[in-house]
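> Chains as they are written, first to last, in the numbering used here: chain A, 1 to 114; chain B, 115 to 226. For every residue, glycine included, the Cβ atom is placed at its ideal position computed from N, Cα and C. Being a predicted model, the structure only gives us computed values, none of them experimental.
1. State the start and end residues of the unbroken beta strand (DSSP E) segment that holds residue 220 of chain B.
2. Tell me which residues share the same chain as residue 108 of chain A and place their Cβ nearer than 7 angstroms to its Cβ, disregarding the 5 neighbours each side in the sequence.
3. Determine the DSSP secondary structure at residue 18 of chain A, reduced to helix, strand or coil.
4. In chain B, what lies closer than 7 angstroms to residue 108 of chain A by C-beta?
5. I'd like to know whether the C-beta of residue 218 of chain B is nearer than 9 angstroms to at least one C-beta of chain A.
6. Could you spell out where the beta strand (DSSP E) holding residue 128 of chain B opens and where it closes?
7. So the beta strand (DSSP E) residue 216 of chain B belongs to, where does it begin and stop?
8. Determine, for residue 224 of chain B, whether the minimum Cβ-Cβ distance to residues of chain A falls below 9 angstroms.
9. Cβ closer than 7 angstroms: which chain B residues qualify as neighbours of residue 33 of chain A?
10. If distances are taken between C-alpha atoms only, which option among A/106, A/50, A/41, A/46 comes closest to residue 218 of chain B?
11. How far does the beta strand (DSSP E) with residue 162 of chain B in it extend, from its first residue to its last?
12. I want to see whether chain A comes within less than 9 angstroms of residue 139 of chain B, judged by CB atoms only; does it?
13. Since residue 284 of chain B is in the beta strand (DSSP E), which residue starts that stretch and which ends it?
14. Sorted by chain position, which residues of the same chain lie with C-beta nearer than 6 angstroms to residue 173 of chain B's C-beta, five sequence neighbours on each side aside?
15. Are the C-beta of residue 189 of chain B and some C-beta of chain A separated by less than 9 angstroms?
16. Using a Cβ-Cβ cut-off of less than 7 angstroms, list which residues of the stretch 155–182 of chain B approach chain A; keep chain order.
17. Mind checking whether residue 221 of chain B and residue 192 of chain B have CB atoms under 9 angstroms apart?
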């Protein structure tokens, strides 16, 4: 089982550049989300989706866009990269029809903005 | 707003010791609590999931307990091994956004 797959694993961007972080899951999970992990701050929710065509903001959404055209994919777009967006990004999914479900995480994308 | 705290932030123990990691949360209205392991530079691996109606869950040498009313969970690791060295994260799933709120983690080092 592939589970949750994130690409790329590493990326260096220049300030002002845009890019898309890819996330795909093959478990037919309805609920998907993006987190960023910064030293000493734990993981913080950026955006989430409860199903295809439905997205909403999390705790730290500024500078990021998402869309959910299929159940499998949930890409995260950085519109104009800033050094403050240097972080490790994790995508997660879970089967949301039943609330008490386990969350599965991808291996992360380590992003550096210079 | 839910806040999750993990104590201690770092822990170093000799191999073979039993140890307890602590997690506390401020809002007891949770659906479940999940413990994860994270190795350096890697993703999160789920260890145990405790539903809000449960008191504990066990998997091998790991035992997690949940006291929802007091906002506490513990992860007990028996007979620790060097391979247990990692950062352990707890996360609670609350109502509304169905998102997880994470603690900052406990970095565990088990000395051979």
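This is what the structure gives:
1. Taking the second chain and counting its residues from 1, the one referred to as residue 220 of chain B is at position 106. Note, residue 220 of chain B: beta strand (DSSP E), 220–225.
2. Position 108 of the first chain, counted from the start, is the residue given in the question as residue 108 of chain A. Cβ neighbours of residue 108 of chain A beyond the five flanking positions: 6, 88, 89, 90.
3. If you number the first chain from 1, residue 18 of chain A lands on position 18. When secondary structure is reduced to three states using DSSP, residue 18 of chain A falls in the coil class, being assigned neither helix nor strand.
4. Residue mapping note: residue 108 of chain A aligns to position 108 of the first chain, counting from 1. What residue 108 of chain A touches in chain B: 157.
5. Position 104 of the second chain, counting from 1, holds the residue named residue 218 of chain B. Taking Cβ atoms only, chain A reaches closer than 9 angstroms to residue 218 of chain B, which makes this a yes.
6. In the second chain, residue 128 of chain B corresponds to position 14, counting from 1. Counting along the chain, the beta strand (DSSP E) containing residue 128 of chain B begins and ends at 124–128.
7. Position 102 of the second chain, counted from the start, is the residue given in the question as residue 216 of chain B. Taken as a continuous stretch (DSSP letters only), the beta strand (DSSP E) holding residue 216 of chain B covers 214–216.
8. Counting from 1 along the second chain, the entry for residue 224 of chain B is found at position 110. Judged by the 9 angstroms Cβ criterion, residue 224 of chain B is not in contact with chain A.
9. Taking the first residue of the first chain as position 1, residue 33 of chain A is located at position 33. The contacting residues are 213.
10. In the second chain, residue 218 of chain B corresponds to position 104, counting from 1. Closest option to residue 218 of chain B, Cα to Cα, is A/41.
11. Position 48 of the second chain, counting from 1, holds the residue named residue 162 of chain B. Residue 162 of chain B -> beta strand (DSSP E) spans 158–165.
12. Mapped onto the second chain, residue 139 of chain B falls at position 25. Answer no: the Cβ-Cβ gap between residue 139 of chain B and chain A never drops below 9 angstroms.
13. Only positions 115 to 226 of chain B appear in this structure, which leaves residue 284 of chain B out of reach.
14. Translated into the one-based positions of the second chain, residue 173 of chain B becomes position 59. Result list for residue 173 of chain B: 162, in chain order.
15. Start at 1 with the first residue of the second chain, and residue 189 of chain B comes out as number 75. Closer than 9 angstroms: no.
16. 156, 157, 158, 160, 163, 165
17. For this step, residue 221 of chain B is matched to residue 107 along the second chain. For this step, residue 192 of chain B is matched to residue 78 along the second chain. Not a contact, by the Cβ cut-off of 9 angstroms.
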